[in-house]
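Comments concern the structure below.
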Amino acid sequence: MDLGILGVLIHILGDAINNVGVIISALIIWLTHSPSRFYADPAVSLWIALMILISALPLTKRSGKILLQSAPLGVKIDDIKHDLESIPGVLSVHELHVWRLDQRKAIASAHVVVSDPEVQSFMRKAKVITECLHAYGIHSATLQPELPKQRVADDETTEVGSQMTTARTSLSEKCGVPCGSVCEELKCCK
1 MDLGILGVLI
11 HILGDAINNV
21 GVIISALIIW
31 LTHSPSRFYA
41 DPAVSLWIAL
51 MILISALPLT
61 KRSGKILLQS
71 APLGVKIDDI
81 KHDLESIPGV
91 LSVHELHVWR
101 LDQRKAIASA
111 HVVVSDPEVQ
121 SFMRKAKVIT
131 ECLHAYGIHS
141 ATLQPELPKQ
151 RVADDETTEV
161 GSQMTTARTS
171 LSEKCGVPCG
181 SVCEELKCCK
């Protein structure tokens, strides 16, 4: 359900419950003659406040997750990274971030180390990468292409099998476009 509609529904239900509560407390005060009858109004008011609070908590939690840019439910970053790194010509992926922009739209950003320095080649890989991300419900992505360092690129082309994983690991640990020493401590992927 849309969060805006849910908020309106909670507001309308809160108003309706409030009106019913006022009628109930008025009837208790009017029809009973006990000295404790005057506690009916504050008791009903507290009950209404508690009901409104309980019904608003899920809305607040869901809205807060969007505002805090949490990852969508069910999305596993390691699975996405593995699938992206299995695309031919993609040597590694790092600085991969996925978050929700709103209730329905998830977006991603990533640094992609590619084997071919040609722009047209990267554009073809970017199309495949975005198709892969679509499978995870991510329909908008910002991709930063990077070229491997010469030593790692040579290792990657000459080694096979389990050694390929070692080259990928060494690639993913080093960013080809570091931001400098000033922001090193502020990076989320170290």
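For the sequence shown, full-length UniProt numbering gives the first residue as 1, with consecutive numbering after it.
All C-beta atoms, glycine included, are put in the ideal place defined by N, C-alpha and C.
Local conformation of residue i per DSSP, three classes
{"i": "Ala108", "result": "strand"}
{"i": "Ala56", "result": "helix"}
{"i": "Thr118", "result": "Per the sequence shown, residue 118 should be read as Glu rather than Thr. Of the three classes helix, strand and coil, the one that applies to Glu118 here is coil, per DSSP."}
{"i": "Ser92", "result": "strand"}
{"i": "Leu148", "result": "According to the sequence provided, residue 148 is Pro. The question's Leu does not apply to it. DSSP places Pro148 in coil when its eight states are reduced to three."}
{"i": "Ile87", "result": "coil"}
{"i": "Thr140", "result": "Here the sequence assigns Ser to residue 140, which means Thr is not the residue at that position. Strand, per DSSP."}
{"i": "Val75", "result": "coil"}
{"i": "Ala153", "result": "Residue placement at Ala153 is poorly supported in this model, since its pLDDT is 41, which falls under 50; the coordinates still yield a value, given next. Residue state, collapsed to three classes: helix."}
{"i": "Cys175", "result": "coil"}
Euclidean distance between Cα positions of residue i and residue j
{"i": "Ala16", "j": "Ser70", "result": "34 angstroms"}
{"i": "Leu59", "j": "Ser115", "result": "46 angstroms"}
{"i": "Ala135", "j": "His82", "result": "14 angstroms"}
{"i": "Leu31", "j": "Ser55", "result": "31 angstroms"}
{"i": "Ala141", "j": "Val113", "result": "16 angstroms"}
{"i": "Val128", "j": "Val90", "result": "10 angstroms"}
{"i": "Ile107", "j": "Pro117", "result": "26 angstroms"}
{"i": "Ile80", "j": "Ile66", "result": "21 angstroms"}
{"i": "Leu13", "j": "Gly4", "result": "14 angstroms"}
{"i": "Asp78", "j": "Cys175", "result": "18 angstroms"}
{"i": "Val75", "j": "Lys61", "result": "19 angstroms"}
{"i": "Ser34", "j": "Leu6", "result": "40 angstroms"}
{"i": "Thr130", "j": "Ile23", "result": "58 angstroms"}
{"i": "Gln144", "j": "Met1", "result": "35 angstroms"}
{"i": "Ala40", "j": "Leu68", "result": "41 angstroms"}
{"i": "Arg37", "j": "Leu57", "result": "31 angstroms"}
{"i": "Val119", "j": "Glu146", "result": "11 angstroms"}
For residue i, the first and last residue of its enclosing alpha helix (DSSP H)
{"i": "His11", "result": "Leu3 to Leu31"}
Residue from the options with nearest C-alpha to residue i
{"i": "Ala49", "options": "Lys76, His11 and Ile5", "result": "His11"}
{"i": "Arg100", "options": "Pro148, Pro117, Leu73 and Pro145", "result": "Leu73"}
{"i": "Asn18", "options": "Ser36, Asp2, Phe38 and Ala43", "result": "Ala43"}
{"i": "residue 213", "options": "Ile77, Asp79 and Val8", "result": "Residue 213 is absent from the model: the chain starts at 1 and stops at 190."}
{"i": "Ala110", "options": "Asp102, Lys149, Leu84 and Pro148", "result": "Leu84"}
{"i": "Lys105", "options": "Lys61, Pro88, Thr130 and Ile138", "result": "Ile138"}
{"i": "Pro88", "options": "Ile28, Cys132, Val20 and Ala26", "result": "Cys132"}
{"i": "Gln103", "options": "Ser92, Val119, Lys125 and Gly64", "result": "Gly64"}
Check: residue i C-beta below 7 angstroms from any heavy atom of the ligand SAH
{"i": "Ser55", "result": "Of ligands this structure carries none, so the ligand SAH is not represented either."}
Quick one: any contact between the segment 90 to 100 and the segment 39 to 54, if contact means 3 or more CB pairs under 8 angstroms?
no
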